[in-house]
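Residue numbers for the first sequence follow my numbering, beginning at 1 and rising by one. All residues carry an ideal CB built from backbone N, CA and C; glycine is no exception. It should be emphasised that the depicted structure is a prediction, and the values quoted were computed from it without experimental measurement.
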Amino acid sequence: MFTFILLLYRYENILKENNSLLNPNIFLGLSKFYFMPESTYKHITDIETSDKEVKVRGWVYRIRKMKDKVFVVLRDATGILQCIGKLEDLSEEAWNNLNEVAIENAIAVKGNAKEDSRAVNNIELVLTDFTIIHKGEVFPIAKDQSKEFMLDNTHLFVRSYKSTNIMKVKANVLRASREWFYDNKFYEVTPPILTGSACEGGSTLFDLKYFDQKAYLSQSVQLYLEALIYSLEKVYAITPSFRAEKMRTKRHINEFWHIEGEEAFVDFEGNMKIQEELVAFIIQYVLENNKKELKELERDTSILEQIKAPFKKISYEEAINTLNENGHKLKWDDDIKTEEERDLSNIIGEPFFVTMYPSAHKPFYVKINERDPKWCYSADLMAPEGFGEIITGGQREDVLDTLVERIIAEGWSPEDYEWYIDLRKYGSVYHSGFGLGAERLTWWLCGLDAIQETQPFPRTRNRIYP
RNA sequence: GCCGCUGUAGCUCAGUCCGGUGGAGCAAUUGACUGUUAAUCAAUCGGUCGUAGGUUCAAAUCCUACUAGCGGCGCCA
C-alpha cells in the first residue's frame, strides 16, 4: 500500500514539474487523500524576505480593506504574516476573493515576500494569488469578551493568540519533563485512571458506575507508582487527575495533568533533589525554546532566568515564623492557607521547599520521623511571585505495621487498601515520590492571572461543556 | 458547603437607587477611502430587558420564587 501511495505522490510531482498535458486530477485527488504534499506550502516563520511565489495557508487574523488594496493578516500555527493584495497585481477572481474574505476564514495565498518596516515582524507578502478555502459564517468572537462568553466558546477561543502561546509553553513543559526523566533513567508507566479506591481522602472524589461496582476517577496515581518501583525502581507517569472540590479559585481546576515520579532507594532529601533538578530543567527548557511566546505573553522572565538547583529549603516552623514577622498570627499546627502561602511566596522571591510539616497535616502514606514523630517527611515546592505550591512530595511509609496503624488512625478500613499494604510485605524498601501540577507550573512560567487559562477546555465547577 | 455579585442587541456595557415611549460602542450590511496596524469616516440593520408569578393606571426598574453563570474562601497540584 505504502509503495502505491509513494508512486502516486511521485507521479503527481512528475506531472507538476513537467507541466504535463495528461490530466492528473484523478491521481491528485487520490494521492492527496493518502499523502498530502506539505512541501508546497511554507509556514510563516520559515518565510524569508527573498522568497518568491511562496504559498502559505491558514486563517484570517485581521483584515483592512481599502479602495485599491487590502491588508490581510494571515495566521498559522507558527505566527502571523501581513499580506497586501493590490488591485493591479491580482486577477479579478483573486481580487473578488480578497474583498469577500472575513475574520477566521480559511485561506491559501501566494506572493512575493519582502522586508517592510510597516508590517508586523518587518516582513510582508505581496500577493499574486488569493483563494478562500472555507468562508463559513461570521466568527462570533470579537474584541470584547466576558469571561463567561469566552468559556462558552472555548472551542473557538483556543484559536486566540494568547491561548496558542500558552499551549506552546505547556507542550514544552510536558516535553521537557519527559526528556529529563528519560535522561535520568526513569521509566514512563501507564497506571489506571479508573480506580476502586481513594488516595487523597473521600471528600473530593468523582465517582461513577463501573458495571455493577462503584469506581472513582484518579486523584493521583501515586499508589500504583509505588507498586511499580519494585520492578522498575524509578518510574514516572503523566496522567490526568480529578478532584471534585467545589471551590472556585484562580489556582484550581477539577481536572489537571499530574506529573508524578516515584523512586526506590531514594530518601526525603534525594527526592527533593530530583524535584529541583527536574523543575530547573523545565524552566531552562522553556526559557530557551519559548522566548517568543513568553515575550508575547508579556512575561517578565528576570526571576525565572536566575533559577537553578538546588532550591532554598525552609521548615514549616521557619515558614510560620517568617509569616509572623510579616504581620500574620500563626502558631504551630496551623495550616498555611491561601493568603499566607501567597505572602510567603512573595516574601521569599525564589522557588523554595517547605519541609518538616506536622504529621497530622499529611496523609497516611507519608513517613513519620522516628526520632520526632511531631513532623513527617513531606515537602511542598513553592513557586515565587505569589504563585505558591506546585509540588507535594516526600518519603513514603515503608513499614507494614506503621502503615496499617495510620490507615486505622484516619478512620479508614485497612481492607480497602489491602493491595497497597501488601507492598510492604514483600521486600519493602525505602522510597519517595512527588506530584507536580503541569498547569500550576505552566501558570507560573507564563505569569498568568488564572490557572484555567492553561487548559484549553478547563473543567471547573460549572463547566463540563464544551 | 459558606460569603458576595451578575443576567438588557451577535459581543462589551449604560439605564435599575428615585417606576412614565429601550441607549452607546463594537460586530454585521451598504457606501466612501491617501500603506493600513483592533484602520478611519458616513448611513442602515439589530431587543420576549434570564424565566415565572406578584404589586401598580403603568415594571428593564419594586417584591417573591426559580434558573444560569461569575468572583472569593475552606482544600490542594
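Between I166 and C446, the gap from beta carbon to beta carbon is short of 8 angstroms.
Within the DSSP bridge table, the entry for T460 names R463 as partners. Segment contact: the segment 49 to 56 against the segment 91 to 98, fewer than three CB-CB distances shorter than 8 angstroms; contact not assigned. In chain order, C199, E260, E262, Y365, G433, G435 place their CB closer than 8 angstroms to the CB of Q222, counting only its own chain and leaving out the 5 sequence neighbours on each side. Here the segment 401 to 408 lies against the segment 363 to 383, with 3 or more beta-carbon pairs under 8 angstroms apart. Cα atoms of N105 and L74: separation of roughly 10 angstroms, rounded to the nearest angstrom. The segment 118 to 130 and the segment 141 to 156 do not touch, with fewer than 3 CB-CB distances between them shorter than 8 angstroms. The DSSP assignment places 312 to 315, 352 to 355 as complete runs of the beta strand (DSSP E) inside the segment 276 to 356, in order along the chain (cut-off: 3 residues). Counting only unbroken stretches of 3 or more residues, the beta strand (DSSP E) elements lying wholly within the segment 52 to 113 are 54 to 65, 69 to 75, 80 to 86, in sequence order.
Here the segment 414 to 422 does not lie against the segment 378 to 385, with fewer than 3 beta-carbon pairs under 8 angstroms apart. Per the C-alpha coordinates, the member of E410, K425, G394 positioned closest to D401 is K425. Assignment of beta-bridge partners to T392 by DSSP yields D380, G435. Note on geometry: alpha-carbon atoms of N271 and S177 lie some 16 angstroms from one another. Following the DSSP letters along the chain, one finds L448 in no alpha helix (DSSP H), marked with neither H nor E. DSSP lists Y236, F434 as the beta-bridge partner residues of G261.
In the three-state scheme derived from DSSP, where H, G and I count as helix and E and B as strand, F157 is classed as helix.
In the structure shown, W412 adopts coil according to DSSP, grouped into three states. Distance from the CA of K308 to the CA of A280, rounded to the nearest whole angstrom, comes to 6 angstroms. When C-beta atoms of the segment 176 to 196 are compared with those of the segment 277 to 296, three or more pairs fall below 8 angstroms, so the two segments count as touching. Under the DSSP assignment, I133 falls in the beta strand (DSSP E) whose first and last residues are 123 to 134. The C-beta of V429 has fewer than 16 other C-beta atoms within 10 Å across all chains shown, which makes the residue exposed.
In the assembly as shown, H258 is a buried residue. Its beta-carbon has 16 or more other beta-carbons within 10 Å. Residue environment for Q219: buried (at least 16 other C-beta atoms within 10 angstroms of its C-beta). In the DSSP assignment, V189 forms no beta bridge with any residue.
Burial of G85 is indicated by the presence of at least 16 other C-beta atoms within 10 angstroms of its C-beta. For a cut-off of 8 angstroms, the C-beta gap from D343 to L323 is around 6 angstroms, short enough to register as a contact.
About 13 angstroms separates the CB atoms of D76 and V54; that is not less than 8 angstroms, and the two are not in contact.
Taking Q275 as the centre and dropping the five residues before and after it, the same chain places the C-beta of L381, I391, G393, F434 closer than 7 angstroms to its C-beta, in chain order. Residue pairing of W375 in beta bridges, as defined by DSSP: P358. Here L225 is not near A215, since their CB atoms are 8 angstroms or more apart.
Minimum Cα-Cα distance from N346 among the listed residues Y61, A319, V189 corresponds to A319. Per the C-alpha coordinates, the member of R440, G411, E340 positioned closest to V169 is R440.
Distances from the alpha-carbon of N462 to those of K312, V235, W443, E148 put E148 closest. Rounded to the nearest angstrom, the gap between the Cα atoms of W59 and F206 is 39 angstroms.
A check of alpha carbon separations from K374 across Y316, Q455, V189, N122 identifies Y316 as the nearest.
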